[in-house]
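If you read the sequence shown in numbering that gives the first Met the number 0, its first letter stands for residue 0, the second for the next number, and so on.
Using N, Cα and C, we set each Cβ at its ideal position, and we do this for glycine too.
Worksheet: one structure, shown below.
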Amino acid sequence: MVLQIIFDFLNKKFKFKFDTGADVVLISDEIFSFLKNNLQLISLDLDSIPFLSASGDPFYAQPYLIKKLKIGEIYKYNVFCTNYDGSKINLLGQTLLSDFKILIEDKKNTLTQKKIKKSGKLSQNEMDSALVGLLMSISNFFKKLFFMIF
């Protein structure tokens, strides 16, 4: 499912596609530059790691945490994301969506969100969640690579 959501970063709005099939939040070069210039990205000091595109093509990118973003009236802190050179698309993946209970009503053309976790400092649970998301991406990459080879 793909819907368009508008996010507020430091009072500047960006459009994202709500993509339940994406593992991680993918940010475009434009948002990456904006967040980096405004000191809103935390580097995880890791080498590039493998991810899979929607078409199943592998790409390598560095993981980051977005310090804070606003979705409607809800703030989310330390959101796991990635960017790769030339990216022009913004996707909301499971590393963010898994923190929300989301109700989509097609007839009313509405999306209702309710935050499951409390905002604040990065808890052990959130660190574990980011690590699990990272490991899932790596695992999915190698599974698809294995099937492409054999």
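Determine the DSSP secondary structure at Asn89, reduced to helix, strand or coil. Coil, per DSSP.
In whole angstroms, what separates the C-alpha of Gln93 from that of Phe31? Pairing Gln93 with Phe31, the inter-Cα distance amounts to about 19 Å.
Just list the alpha helix (DSSP H) runs in the stretch 1-52, keeping only unbroken ones of 4 residues or longer that don't cross its boundaries, in chain order. Taking only runs of at least 4 residues, the alpha helix (DSSP H) segments lying wholly in the stretch 1-52 are 28-36.
Spatial neighbours of Ala21 within its chain, please: CB distance less than 8 Å, with the 5 preceding and 5 following residues excluded, ordered by chain position. Answer for Ala21: Ala53, Leu90, Leu91, Gly92, Gln93, listed in chain order.
For Lys67, write down the residues that DSSP places opposite it in a beta bridge. Paired residue(s): Tyr76.
Quick test of your reading: Ala60 and Asn77, contact by CB under 8 Å. State the CB separation rounded to the nearest angstrom. 18 Å between Cβ atoms; not a contact.
For Phe58, which residues does DSSP report across the bridge? Note: Phe58 sits in a beta bridge opposite Phe50.
I believe Ile65 touches Leu34 by the beta-carbon criterion, under 8 Å. Please report the beta-carbon distance rounded to the nearest angstrom. About 6 Å; that satisfies the 8 Å criterion.
Separation of Leu45 from Pro62, as counted between CA atoms: The alpha-carbon separation between Pro62 and Leu45 amounts to approximately 7 Å.
Pull up the distance between the alpha-carbon of Gln39 and that of Lys67, whole angstroms please. Between Gln39 and Lys67, the alpha-carbon positions lie close to 7 Å from each other.
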